[in-house]
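Let me begin by presenting the structure, written as structure tokens, before commenting on it.
Okay, here's the thing in structure tokens:
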């Protein structure tokens, strides 16, 4: 990692970025704000520089896009909402039938 300090023209190396991977990433404990703690079930971290040992890469100036297809998710949400409405009406009809049976028998 390099920075250009005030008053200097050439960038100066100030450190190296480290990435970590785990044998069982689902074993990490979430502590909020996208922070995770190592646990016994996650295993020990495998650390190193980006692009080495399959640790991934870091690209300068790139923006990460969403991993979600917004159109597909919206269609799924509408479909789920319609199914919920149908189930709600079925429960209402069942409730009305039971109320009729209780009142007339």
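Numbering (this note's numbering), first residue to last: 444 to 548.
Each residue gets a CB set at the ideal place from its N, CA and C atoms; glycine is no exception.
*By Cβ distance, which residues of its chain are closer than 8 Å to residue 515, with the 5 residues on each side in sequence left out?*
Listed in chain order, the non-local C-beta contacts of residue 515 below 8 Å within the same chain number zero, local neighbours out to five positions each way being set aside.
*Using a Cβ-Cβ cut-off of 6 Å (strictly less than) and excluding sequence neighbours within five positions of residue 491, which residues of its own chain qualify?*
Contacts found: 498.
*Which residue's Cα is closest to the Cα of residue 464: 455, 479, 451?*
Among 455, 479, 451, the Cα nearest to that of residue 464 is on 479.
*Kindly identify the DSSP beta-bridge partner or partners of residue 463.*
Its beta-bridge partners are 490.
*How many Å lie between residue 484 and residue 466 at the Cα?*
Using only the alpha carbons, I get a separation of about 9 Å.
*Whose C-beta lies closer than 6 Å to the C-beta of residue 489 among residues of the same chain, with five residues either side of it excluded?*
Once the five neighbours on either side are set aside, the close Cβ partners of residue 489 are 464.
*Quick one: grab the DSSP three-state call for residue 531.*
Three-state result, residue 531: helix.
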